[in-house]
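See below for the structure under consideration.
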Amino acid sequence: MPVIKSGSILTRYHPSWVVVAVLLSIVLGISASIAVNNNTSLKEPSSYWQQIETLGASQDVYFYAWGGDAQINAYLQWVAKRVKAEYNINLVHVKLSDTSEAVSRVLAEKSANNNDQGSVDLVWINGANFSTMSEHSLLLKQWANKLPNFTLTDPENNPTVTLDFGIPTQGMEAPWGKASLTFYYDNLAIDGSANNQPPATLSELASWSAQHPGRFSYPKPPDFLGMSFLKYALVMLHEQNPDSIANNIKAQLNQPATEKNTALVLDPLWAFLDKLHPTLWRDGKYFMQSGEQMQRLVGDTELSLAFTFSAPAVPAAVQRYDLPKSIRSYAMEDGSLSNTHFVAIPYNAGHQASAQLVANFLLSPEAQAKKQAPEVWGDSTVLVQSQLTPEQQALFKTTKPHPSALPINGIKRIVSEPHPSWVEAIMQGWETRYGASS
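Take the sequence shown: its letter number 221 is residue 221 in the UniProt record's numbering, and every next letter is one higher.
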């Protein structure tokens, strides 16, 4: 997970905003012209895709994507072989530690008036990074909805592929996969007996941590997984508070954060964390830096309970002996924070038609089924089964899941991401309150 895998899927969806903010101040006001690929204009809409195939063949595509997961990297190597065979495209995976690195590069190119020979052809993206790039006209528009395989997502009846953290994608992103916050625990430490059950809700998590001090924690912001846990907690606190719903406070999570509403919305989160932190690993005075470190602490038996945005990363870690065989995965009953991750093409990409060919292949039943296979990546498909032929549907049939894997249909309830502006608000508030001791 985007990601943003980023352990930990989509630890790749974390923005680092310092560099981005500086560059934004440089480029504001600079207009962007949207070129169609390779400096060649497309003419007849009816022949759009034929022209894309002609223009895009035998080119390089520089795909900027999080590179912190071996399974994802191996999958992209497979994709590279397939697009080489289909289109003679040379797909280069430019490995990122943070998606904001790609955002910063496009901003720098725009500030230098490089509007048609950009170095980023395709970028794995969602959430706050998409919001930033969209707001400042850094993305190619109205291309994703023209991909032949986009219809397989049933976009007219499936808003998850046309909204990114509640923001309309307007054809600037092609959906790639879906991920949800998944918890995992050591079945030897939490054996499922009457008095030793894994927590099933946020309130149960707080009680469990108090009863088992030092056995749970979360990565500090701005780590993607840490932010995901905080967003999950924030949404649940408001959903379970009748006054929040009655006074329209919860609804503000879907709106931009402002100076006026930030304290009102976030105060319940700080109150919750003030009580939770003393029960955490190292008394909540020190926080791990990443999901990878959290996983290692489970493997070393320092923690009994953890979470990831990459459910298949758990059985993969067990198979690598990074986690014990006693690990089990599950989803919270009160809700699982979930999102769709996408690929986008910068407005100045040097190989736009080629990037569209790659994006369309990523949406193909072949590529989506391969990606969803637990032993490959395990990232959920964005395709709608009713839109597929029986032969295409058969590609998604899986073998018996690993004992440590999240059960099929294990997600009880999907919880949507808040507006991306809340990431910055949460991060700043957390740093002010808890950063000095972490």
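We treat Cβ as the ideally placed atom computed from N, Cα and C, and that holds for glycine.
Under the 8 Å Cβ criterion, the segment 412-421 counts as touching the segment 248-257, having at least three qualifying pairs.
Counting the other Cβ atoms within 10 Å of the Cβ of asparagine 248 gives fewer than 16, which makes it exposed. Secondary structure note for valine 415: its beta strand (DSSP E) is the uninterrupted segment 414-416. Ranked by Cα distance from valine 103, the options Val83, Leu91 and Glu135 are led by Glu135. Out of Val106, Lys84, Gln393 and Gly299, the CA that lies nearest to the CA of valine 384 is found in Gln393. For the pair isoleucine 125 and phenylalanine 342, the CB atoms are nearer than the 7 Å cut-off. Contact between alanine 306 and methionine 294 holds, since their C-beta atoms are separated by about 5 Å, short of 8 Å.
The alpha carbon of glutamine 117 has as its nearest neighbour, out of His238, Val123 and Val106, the alpha carbon of Val106.
Boundaries cannot be given for alanine 200, as no beta strand (DSSP E) includes it and DSSP labels it neither H nor E. For isoleucine 125, the enclosing beta strand (DSSP E) begins and ends at 122-125. Assigned with DSSP and collapsed to three states, proline 403 falls in coil, not helix or strand. Annotation for glutamate 292: no beta strand (DSSP E) segment contains it, though the alpha helix (DSSP H) segment containing it runs 291-299. Cα atoms of lysine 110 and methionine 172: separation of roughly 18 Å, rounded to the nearest angstrom.
Contact between glutamine 289 and lysine 370 does not hold, since their C-beta atoms are separated by about 32 Å, which reaches or exceeds 8 Å. Taking C-beta separations shorter than 6 Å and ignoring five residues to either side along the sequence, the partners of serine 354 in its chain run Gly56, Gln59, Val61 and Ile89, following chain order. Here lysine 400 is exposed. Its C-beta has fewer than 16 other C-beta atoms within 10 Å. Distance between leucine 188 and aspartate 69, taken at the CA atoms: about 27 Å.
Residue pairing for proline 155: DSSP places it in no beta bridge. Within the model, the alpha-carbon separation for leucine 297 versus leucine 303 is close to 6 Å. DSSP places isoleucine 327 inside the beta strand (DSSP E), whose first and last residues are 327-330. Comparing alpha-carbon positions, the option among Asp243, Phe361, Val235 and Lys141 lying closest to valine 79 turns out to be Phe361.
Between asparagine 339 and glutamate 239, the C-beta gap is not smaller than 7 Å, which leaves the two residues out of contact.
Per the DSSP secondary-structure output, valine 92 pairs in a beta bridge with Tyr62. Secondary-structure assignment with DSSP links glutamate 53 through no beta bridge to anything.
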